[in-house]
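Heads up: the sequence lines are chains A and B, in that order. Just so it is clear: in the first sequence, position 211 is 552 by this note's numbering, and no numbers are missing. Just so it is clear: in the second sequence, position 67 is 408 by this note's numbering, and no numbers are missing. By construction, the Cβ of each residue, glycine as well, lies at the ideal position given by its N, Cα and C atoms. Keep in mind it's a predicted model, so treat the numbers as computed, not measured.
There are 2 protein chains.
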Amino acid sequence: MTVTSERRKRQWGERENLILGTARRLIHDKGFLSLTMSELAKAVEYSVGTLYRHFETKEDLLVALAVQSISQRALLFEQVRQAKRPSRDRAYGILIVRLMLAESNPETFDIERLASSPSIWKRATEERYRTMVAMEQRCSEVVLGIIRDALAEGDLQRGWVIEGDIIFGLWSITVGFHRLVQSFDDIRQVGLADAIEAVKKNYRLLLDGYGWQPVENWDALAVEQDFRETIFQS
Amino acid sequence: MTVTSERRKRQWGERENLILGTARRLIHDKGFLSLTMSELAKAVEYSVGTLYRHFETKEDLLVALAVQSISQRALLFEQVRQAKRPSRDRAYGILIVRLMLAESNPETFDIERLASSPSIWKRATEERYRTMVAMEQRCSEVVLGIIRDALAEGDLQRGWVIEGDIIFGLWSITVGFHRLVQSFDDIRQVGLADAIEAVKKNYRLLLDGYGWQPVENWDALAVEQDFRETIFQS
DNA sequence: TCCTTTTTTGAATAATAGTCAAATAACCAA
DNA sequence: TTGGTTATTTGACTATTATTCAAAAAAGGA
Numbered sequence: 342m343t344v345t346s347e348r349r350k351r352q353w354g355e356r357e358n359l360i361l362g363t364a365r366r367l368i369h370d371k372g373f374l375s376l377t378m379s380e381l382a383k384a385v386e387y388s389v390g391t392l393y394r395h396f397e398t399k400e401d402l403l404v405a406l407a408v409q410s411i412s413q414r415a416l417l418f419e420q421v422r423q424a425k426r427p428s429r430d431r432a433y434g435i436l437i438v439r440l441m442l443a444e445s446n447p448e449t450f451d452i453e454r455l456a457s458s459p460s461i462w463k464r465a466t467e468e469r470y471r472t473m474v475a476m477e478q479r480c481s482e483v484v485l486g487i488i489r490d491a492l493a494e495g496d497l498q499r500g501w502v503i504e505g506d507i508i509f510g511l512w513s514i515t516v517g518f519h520r521l522v523q524s525f526d527d528i529r530q531v532g533l534a535d536a537i538e539a540v541k542k543n544y545r546l547l548l549d550g551y552g553w554q555p556v557e558n559w560d561a562l563a564v565e566q567d568f569r570e571t572i573f574q575s
Numbered sequence: 342m343t344v345t346s347e348r349r350k351r352q353w354g355e356r357e358n359l360i361l362g363t364a365r366r367l368i369h370d371k372g373f374l375s376l377t378m379s380e381l382a383k384a385v386e387y388s389v390g391t392l393y394r395h396f397e398t399k400e401d402l403l404v405a406l407a408v409q410s411i412s413q414r415a416l417l418f419e420q421v422r423q424a425k426r427p428s429r430d431r432a433y434g435i436l437i438v439r440l441m442l443a444e445s446n447p448e449t450f451d452i453e454r455l456a457s458s459p460s461i462w463k464r465a466t467e468e469r470y471r472t473m474v475a476m477e478q479r480c481s482e483v484v485l486g487i488i489r490d491a492l493a494e495g496d497l498q499r500g501w502v503i504e505g506d507i508i509f510g511l512w513s514i515t516v517g518f519h520r521l522v523q524s525f526d527d528i529r530q531v532g533l534a535d536a537i538e539a540v541k542k543n544y545r546l547l548l549d550g551y552g553w554q555p556v557e558n559w560d561a562l563a564v565e566q567d568f569r570e571t572i573f574q575s
C-alpha cells in the first residue's frame, strides 16, 4: 500500500468496503461466476484498474468476501461464548447464530462454498488466504472453548468421544445445513422450515448423545429466543 | 442425436465415457476451474467441436460428471440396502460406502461441490440437470427405505424424531465429511485419519440418539470390515 | 505556480468458452 | 466400384471477460 496519510488510509478502507458490499449485492442477485469485474467497476463508479489495486484477482476478491463473512461469524460466536448462560445453551447458541446469519446474509453460501476450493486459494493473495484460515480457526476455537467450559463446569464428561470429535459433529450439522439451504430452491421436496427444524433436532440429539447437561427439562425454544434477541444488538 | 445404427450408438457412448473419464483425471490433477476445453479435446484426441456435440457447455460437462458420481453412489447404496443384515448395520453401511468412494474417487469432491450451484445448473442441459436431481433423490430414497425397514423390523421406534429428520441428520454428517476431506490438505490441523474416526463416532452417536437398535453390543468395526469386503465386488 | 509523486483511468492484451462453414467420412443404390 | 447423399468432424474464428499498463488526472508541497 502506497497510502500514507490518515485520511487516505480511511478512504481506502471505505472504498474497499464499498467494493465488497456492492460485490455482495451483485453476487446475491446473480452468483459469483456471472459477476464481471467491469460490471462491478461500473456499479461502484470506479474503473477496473482501481478494483485491481484492491484485489489482485477476481478470486482474491472472493476470498476477501469470505474473510468478511467468517470474521463476522467469529465475532458473533465470541459473543455467544461470553454469554452468561449454561454451556449447553451456548453450544446451542452457535447453531442459532448460524441460522441467523443464513437469514441475514444468504449470499454467503455461494461465497463460502466457492471460497473453499484450492483452485481459488491458489489465485488469491497469500495474506488474505491466511487471514481466512485464521478466521476459521478462530471460529473452531470458540466452539472448543465452549466445550472446555462445559468440561470445567461438569456439564460434559470426558468419555469415549473427545473434544475434537464433538467439534466435528456439531460442525458437520451446520455444514450440512449450508448445503441444504443453498440447494433449496430447486432440489428438495420438503419445506425449508421443516428442514431447519430437522437441523435443530439433530443438533440437540448430538448434544444429548454427548451427555451435555442439562439433558432433561431444557427449553430449546427459550434459549433460541433469548439469543435471537440479544446477539445482534452489538 | 442423429445416430441411428446400434454400433454407432455404442461408439457414441464409448466416446462419451472416454471424455468423462479423461475430464475426471484432469480435474483430479488441476481442478475443474483450470481445465480448458481445448486441453480436454487434445487429451481425448478429438476436436473441441466434437466435445461440444456431447456437452452443450462446460457446465453441462460438469453436471454430467456429477451424474456419474451420484449414480454410482446410488447403485452402491442400493446394494447396501439389499444386504442381508440388520437395519442398523445397513444404515452404517451407507457411511462406509461414502468413505470408500471418497478413497477411490477423490476428484468427486471438487465435482460435486461445484455442481451443487444454481449458476452451474442454469447453464447445463435441462435433461442432465433433471437426471442429477433424480439420482440424488434415489440416494435419499434408499436411505429412507432403510429407515422404513428399521421401523418395520422394530429396530427404530416412531418418536419425536421423524423419518425426514433422520435422513437429514445422517446426510449432514456425510456432507460435513465431504467438506472436511476436501479442505484437508491446507486447512485442518488434526490428521485425516482422526477426522474420519470422528465422522464415524458422530454418525454412530446419532444412530444411538435415534435409539436405532441394537445400541448395545454392536461391533461397528466388524460391520465396516464386512461391507468393505463385499460391496465393491459387483 | 510549477514540479513531483500518487492515483485513476480505460483502451489494449490474453486467455478461453463456444460457433460454424468447410472438409472428411460413412453410407448406400445402381 | 462409383457417384451421390447424408452425417460427422474439424479447427480457424468470434465473443466474452479477466488482467495489464501507459497515459492522464489529481494530490501534495515548495
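Tell me whether residue i sits in a helix, a strand or coil according to DSSP, three-state version.
| i | result |
| --- | --- |
| P459 (chain A) | helix |
| Q566 (chain B) | helix |
| Y387 (chain B) | coil |
| G510 (chain A) | helix |
| G500 (chain B) | coil |
| G434 (chain B) | helix |
| T377 (chain A) | coil |
| A465 (chain B) | coil |
| E448 (chain A) | coil |
| G495 (chain A) | coil |
| F518 (chain A) | helix |
| N489 (chain B) | Reading off the sequence, residue 489 (chain B) comes out as Arg, not Asn. It is helical. |
| R426 (chain A) | coil |
| I528 (chain B) | Here I528 (chain B) scores only 46 on pLDDT, less than 50, and its place in the model is too uncertain to base an answer on. |
Ends of the alpha helix (DSSP H) at residue i?
| i | result |
| --- | --- |
| A405 (chain B) | K399 to Q423 |
| N543 (chain A) | L533 to Y551 |
| F573 (chain A) | Unbroken run through F573 (chain A): none, as it is neither H nor E. |
| W353 (chain B) | E347 to K371 |
| V556 (chain B) | Counting along the chain, V556 (chain B) falls outside any alpha helix (DSSP H), and DSSP gives it neither H nor E. |
Below 6 Å CB to CB, which residues in the same chain sit around residue i once its five sequence neighbours on both sides are set aside?
| i | result |
| --- | --- |
| Y544 (chain B) | L436 and I514 |
| M347 (chain A) | The amino acid at residue 347 (chain A) is misidentified as Met; the sequence shows Glu. So no residue of the chain qualifies. |
| S375 (chain B) | none |
| V556 (chain A) | D549 |
| T398 (chain A) | R464 |
Using a Cβ-Cβ cutoff of less than 7 Å, which residues in the same chain neighbour residue i once the five nearest sequence positions on both sides are dropped?
| i | result |
| --- | --- |
| R569 (chain A) | I437 and M441 |
| R402 (chain A) | Checking the sequence, you will find Leu at residue 402 (chain A) rather than Arg. Only A364 and F396 meet the Cβ criterion. |
| L361 (chain B) | A405, L406 and Q409 |
| D527 (chain A) | Unreliable placement is indicated for D527 (chain A), whose pLDDT of 48 sits below 50; the coordinate value is still reported in the next sentence. Here the set comprises nothing. |
| L455 (chain A) | F373, L403 and I461 |
| E357 (chain A) | H395 |
| Y551 (chain A) | L497, V502 and I507 |
Between which residues of its own chain and residue i is the CB-CB distance below 8 Å, once the five residues before and five after are set aside?
| i | result |
| --- | --- |
| S388 (chain B) | A382 |
| W512 (chain A) | S481 and V484 |
Taking residue i and residue j to be in contact with their CB atoms under 8 Å, please state how far apart those CB atoms are, rounded to whole angstroms.
| i | j | result |
| --- | --- | --- |
| F518 (chain B) | V540 (chain B) | 5 Å |
| A432 (chain B) | L548 (chain B) | 6 Å |
| A493 (chain B) | W553 (chain B) | The Cβ separation is near 13 Å, so there is no contact. |
| A537 (chain B) | V421 (chain B) | Before going on, a small fix: residue 537 (chain B) reads as Ile here, not Ala. That pair is no contact at about 18 Å. |
| V522 (chain A) | R520 (chain B) | Going by Cβ atoms, the distance from V522 (chain A) to R520 (chain B) rounds to 15 Å, so no, they are not a contact pair. |
Next on the checklist: With three or more C-beta pairs closer than 8 Å as the rule, is the region 390 to 409 of chain B touching the region 556 to 565 of chain B?
Outcome noted: At 8 Å Cβ cutoff, the stretches do not touch.
Checklist entry - Would you call the region 423 to 430 of chain B and the region 463 to 482 of chain B touching, i.e. three or more CB-CB distances under 8 Å? => result With a cut-off of 8 Å on Cβ pairs, the region 423 to 430 of chain B is not in contact with the region 463 to 482 of chain B, counting fewer than three such pairs.
Checklist entry - Do the region 492 to 509 of chain A and the region 491 to 507 of chain B meet, that is, are 3 or more Cβ pairs less than 8 Å apart? => result No, the region 492 to 509 of chain A is not in contact with the region 491 to 507 of chain B.
Next on the checklist: Using 8 Å as the cut-off, can you tell me whether the region 366 to 374 of chain A makes contact with the region 451 to 470 of chain B, which would need three or more C-beta pairs spanning the two stretches below that distance?
Outcome noted: Counting C-beta pairs with one atom in each stretch, the region 366 to 374 of chain A and the region 451 to 470 of chain B have three or more that are closer than 8 Å, which means they touch.
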